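> The structure is given below, and queries will be raised subsequently.
In the working numbering, the protein residues as written are 112 to 488.
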């Protein structure tokens with residue numbers, strides 16, 4: 112009787128799960144025998160899930176946040192639950208491409224960090240598993256999760272410009288204040304942004320311009336902007352790392368990456384929120400459809416939606432605004448005057464449904480991705 116009750120607890124937790132693409136998720140392994148005949152735990156009690164996850168014993172994480180942040184959250188999960196964690200840092204588009212090629216047999220269990228545009232591509236392709244997370248109650252709003260519970264938000268970050276004030280002074284140039292300022296001829300060869308083939312940040316830039324300007328005007332804009340771009344970096348955070356040393360004068364990306372560089376000692380960096388409006392990312396976490404460690408993966412999502420995970424970000428070089436009600440906001444995000452109120456009403460559905468075509472149109476406008484400025488390493 113005792114053994115049957117324990118098995119039923121784990122079996123019940125697995126019921127109702129379905130892959131967002133409609134395929135069947137892997138079966139849930141059995142947990143060890145229960146020590147007593149007790150009723151099923153309440154919905155917010157994760158004890159049965161924890162035991163099932165520990166029985167699986169390991170987890171592999173693909174992380175699209177910065178390496179320092181990724182390492183910290185993975186090591187903390189391992190410390191709390193005693194589950195061995197392997198992790199690898201990949202850009203969001205790299206993760207999407209990799210799991211798409213693996214066709215439901217992913218080489219990792221969960222995805223952590225990085226903007227949700229590639230996550231939404233994965234949802235549309237049935238690559239992420241639906242999971243009704245208990246700790247989703249901690250989110251500050253439903254806009255910070257996928258409507259079908261295929262991903263959950265953990266932070267948000269505002270898109271803008273990072274400029275080298277010393278170089279601008281030397282060149283006798285003013286800092287750009289709007290998106291249209293970036294296409295001024297005096298900025299030729301001074302700008303870096305990321306590669307849409309490898310970075311979700313660049314996809315967000317494309318979607319933002321399409322939503323602000325309309326499709327055709329946005330592609331004409333990118334054609335003009337391309338004349339001023341010296342390099343398209345592999346990673347979305349790449350431009351921020353080039354501004355302080357003077358390898359570029361203007362970097363386009365998430366401003367929390369600029370905060371990190373300033374706190375590293377580059378006090379020649381100014382952060383600019385475009386006055387004509389901008390957008391923001393939602394950094395997310397998700398379970399890959401076909402995971403071989405489904406209980407450990409579900410426990411990871413619960414962990415990611417808790418202060419035990421998100422509160423250590425600011426101690427490890429990540430200064431995004433957090434989207435959990437019970438989390439502690441990093442003071443650095445407000446210290447540098449980042450304004451989250453100047454953002455557009457971003458259309459996530461349009462981005463999810465059309466980003467593949469928009470990226471193709473972007474490369475058609477700028478002359479193709481074979482240009483050596485588009486870095487992939």
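C-beta atoms are modelled at their ideal positions from N, C-alpha and C, and glycine is treated no differently. Treat the numbers as computed from the prediction; the structure is a model and nothing was measured.
#1: By Cβ distance, which residues of its chain are closer than 7 Å to residue 427, with the 5 residues on each side in sequence left out?
#2: Let me confirm a value: residue 483 is counted as buried when at least 16 other C-beta atoms fall within 10 Å, else exposed. Which label applies?
#3: With residue 344 as the anchor, note down where its alpha helix (DSSP H) starts and where it stops.
#4: Smallest Cα separation from residue 311: which of 343, 195, 282, 298?
#5: At 3 residues or longer, what runs of the beta strand (DSSP E) sit wholly inside the segment 328-412?
#6: Where do the N-terminal and C-terminal ends of the alpha helix (DSSP H) with residue 305 fall, by residue?
#7: If we ignore side chains and look at the alpha-carbon of each, how far apart do residue 185 and residue 197 end up?
#8: Less than 8 Å between the C-beta atoms of residue 372 and residue 354, yes or no?
#9: Would residue 212 be called buried (16 or more neighbouring beta carbons within 10 Å of its own) or exposed?
#10: Check whether the segment 444-451 and the segment 369-388 are in contact - that is, three or more C-beta pairs closer than 8 Å.
#11: Does the distance from the CB of residue 163 to the CB of residue 265 come in under 8 Å?
#12: Check whether the Cβ atoms of residue 290 and residue 385 sit closer than 8 Å, and answer yes or no.
#13: For the alpha helix (DSSP H) that residue 465 lies in, which residues bound it at each end?
#14: Just curious, the alpha helix (DSSP H) that residue 484 is in, first and last residue?
#15: Buried or exposed: residue 174, going by 16 or more other Cβ atoms within 10 Å of its Cβ?
#16: Taking DSSP as the reference, what is the three-state secondary structure of residue 449?
#17: Report yes or no: do three or more beta-carbon pairs, one from the segment 245-260 and one from the segment 473-480, lie closer than 8 Å?
#18: Spatial neighbours of residue 334 within its chain, please: CB distance less than 7 Å, with the 5 preceding and 5 following residues excluded, ordered by chain position.
#19: Per DSSP, residue 226 is paired with what?
#20: Taking the alpha-carbon positions, what's the residue 325 to residue 464 distance?
#21: What span of residues does the beta strand (DSSP E) with residue 267 cover, start to end?
#22: Could you work out which residue in 362, 200, 189 is closest to residue 271 when comparing CA atoms only?
#23: Is the separation between the beta-carbon of residue 432 and that of residue 392 shorter than 8 Å?
#24: Going by C-alpha to C-alpha distance, which of 189, 194, 176, 205 sits closest to residue 487?
#25: Taking residue 192 as part of the alpha helix (DSSP H), name the residues at either end of that continuous run.
#26: If you draw a straight line from the alpha carbon of residue 202 to that of residue 225, how long is it in whole angstroms?
#27: Would residue 261 pass as a contact of residue 394 if the rule is Cβ separation under 8 Å?
#28: For residue 168, which of helix, strand or coil comes out of DSSP?
#29: Do residue 191 and residue 435 have their CB atoms nearer than 8 Å?
#30: Near residue 307, what residues of its chain come up, given a Cβ to Cβ distance below 7 Å and the 5 sequence neighbours on each side ignored?
#31: Could you give the distance in angstroms between the alpha-carbon of residue 443 and the alpha-carbon of residue 234?
#32: Rounding to the nearest angstrom, what Cα-Cα distance links residue 255 and residue 459 in this structure?
#33: Taking all protein chains shown into account, do 16 or more other C-beta atoms lie within 10 angstroms of the C-beta of residue 328, making it buried, or fewer, making it exposed?
#34: So the alpha helix (DSSP H) residue 288 belongs to, where does it begin and stop?
#35: Got a sec, what are the start and stop residues for the beta strand (DSSP E) residue 199 sits in?
#36: What separation, rounded to the nearest whole angstrom, lies between the Cα atoms of residue 286 and residue 300?
Checking against the coordinates, here is how it stands:
#1: The residue given as residue 427 occupies position 316 in the chain shown. Counting only Cβ-Cβ distances below 7 Å, and skipping sequence neighbours, we find 179, 180, 183.
#2: Walking along the chain shown from the start, residue 483 turns up at place 372. So residue 483 counts as exposed.
#3: By one-based count along the chain shown, residue 344 stands at place 233. Where residue 344 is concerned, there is no enclosing alpha helix (DSSP H), although the beta strand (DSSP E) it sits in stretches over 340-344.
#4: Sequence index remark: in the chain shown, residue 311 carries index 200 (1-based). In terms of Cα proximity to residue 311, the closest of 343, 195, 282, 298 is 343.
#5: Counting whole runs of 3 or more residues, the segment 328-412 contains the beta strand (DSSP E) stretches 340-344, 361-365, 380-383, 391-399.
#6: Translated into positions along the chain shown, residue 305 becomes position 194. Counted as a single uninterrupted DSSP element, the stretch harbouring residue 305 is not any alpha helix (DSSP H) but the beta strand (DSSP E) occupying residues 302-305.
#7: Taking the first residue of the chain shown as position 1, residue 185 is located at position 74. Taking the first residue of the chain shown as position 1, residue 197 is located at position 86. Cα-Cα distance, rounded: 8 Å.
#8: For this step, residue 372 is matched to residue 261 along the chain shown. For this step, residue 354 is matched to residue 243 along the chain shown. Yes; because the gap between Cβ atoms is below 8 Å, this pair is in contact.
#9: Working through the chain shown from its first residue, we reach residue 212 at position 101. Around the beta carbon of residue 212, fewer than 16 other beta carbons lie within 10 angstroms, which makes this residue exposed.
#10: As far as the Cβ criterion goes, the segment 444-451 touches the segment 369-388, which means the pair count is three or higher.
#11: Residue 163 sits at position 52 when you count from the first residue of the chain shown. Residue 265 sits at position 154 when you count from the first residue of the chain shown. Taking 8 Å as the Cβ cut-off, residue 163 and residue 265 do not qualify as a contacting pair.
#12: Indexing the chain shown from 1 puts residue 290 at position 179. Indexing the chain shown from 1 puts residue 385 at position 274. Closer than 8 Å, so yes.
#13: Along the chain shown, one-based indexing puts residue 465 at 354. Counting along the chain, residue 465 sits inside the alpha helix (DSSP H) bounded by residues 459-477.
#14: Counting from one through the chain shown, the residue named residue 484 turns up at place 373. Where residue 484 is concerned, there is no enclosing alpha helix (DSSP H), given that its DSSP letter is neither H nor E.
#15: Your numbering for residue 174 matches position 63 in the chain shown. So residue 174 counts as buried.
#16: Along the chain shown, read from residue 1 onward, the residue named residue 449 stands at position 338. Residue state, collapsed to three classes: coil.
#17: In short, these stretches do not touch, since the Cβ pair count stays below three.
#18: Taking the chain shown and counting its residues from 1, the one referred to as residue 334 is at position 223. Cβ-Cβ distances below 7 Å link residue 334 to 476, 477 in the same chain, with the five nearest sequence neighbours on each side left out; the list follows chain order.
#19: The residue labelled residue 226 in the question sits at position 115 within the chain shown. In the DSSP output, where bridge partners are listed per residue, residue 226 has 394.
#20: Along the chain shown, read from residue 1 onward, the residue named residue 325 stands at position 214. Along the chain shown, read from residue 1 onward, the residue named residue 464 stands at position 353. Spanning the alpha carbons of residue 325 and residue 464 requires a straight line of approximately 16 Å.
#21: Taking the first residue of the chain shown as position 1, residue 267 is located at position 156. Residues 262-275.
#22: Stepping through the chain shown from its first residue, residue 271 is reached at position 160. Out of 362, 200, 189, 362 has the C-alpha closest to the C-alpha of residue 271.
#23: For the purposes of this step, residue 432 is taken as the residue at position 321 of the chain shown. For the purposes of this step, residue 392 is taken as the residue at position 281 of the chain shown. For residue 432 and residue 392, no; Cβs fall outside 8 Å.
#24: Position 376 of the chain shown, counting from 1, holds the residue named residue 487. Checked all of 189, 194, 176, 205; the closest Cα to residue 487 is 205.
#25: Here the question's residue 192 lines up with position 81 in the chain shown. For residue 192, the enclosing alpha helix (DSSP H) starts and ends at 178-192.
#26: Within the chain shown, the letter at position 91 stands for residue 202. Within the chain shown, the letter at position 114 stands for residue 225. Between residue 202 and residue 225, the C-alpha separation is close to 7 Å.
#27: One-based indexing of the chain shown puts residue 261 at position 150. One-based indexing of the chain shown puts residue 394 at position 283. Against a cut-off of 8 Å, the Cβ pair of residue 394 and residue 261 comes out as no contact.
#28: Numbered from its first residue, the chain shown carries residue 168 at position 57. In the structure shown, residue 168 adopts coil according to DSSP, grouped into three states.
#29: Along the chain shown, read from residue 1 onward, the residue named residue 191 stands at position 80. Along the chain shown, read from residue 1 onward, the residue named residue 435 stands at position 324. Contact: no.
#30: The residue you call residue 307 lines up with position 196 of the chain shown. 313, 314, 317, 470, 473, listed in sequence order.
#31: Translated into the one-based positions of the chain shown, residue 443 becomes position 332. Translated into the one-based positions of the chain shown, residue 234 becomes position 123. Cα to Cα, residue 443 sits roughly 33 Å from residue 234.
#32: Working through the chain shown from its first residue, we reach residue 255 at position 144. Working through the chain shown from its first residue, we reach residue 459 at position 348. If I take the Cα positions, the gap works out to 11 Å.
#33: As a first step, residue 328 must be located in the chain shown, where it is residue number 217. By the 16-neighbour rule on beta-carbons within 10 angstroms, residue 328 is exposed.
#34: In the chain shown, the residue the question calls residue 288 occupies position 177. From DSSP, residue 288 is part of no alpha helix (DSSP H); its letter is neither H nor E.
#35: Taking the chain shown and counting its residues from 1, one reaches residue 199 at position 88. Note, residue 199: beta strand (DSSP E), 195-200.
#36: The count along the chain shown starts at 1 and reaches residue 286 at position 175. The count along the chain shown starts at 1 and reaches residue 300 at position 189. For residue 286 and residue 300, the distance between alpha carbons rounds to 15 Å.
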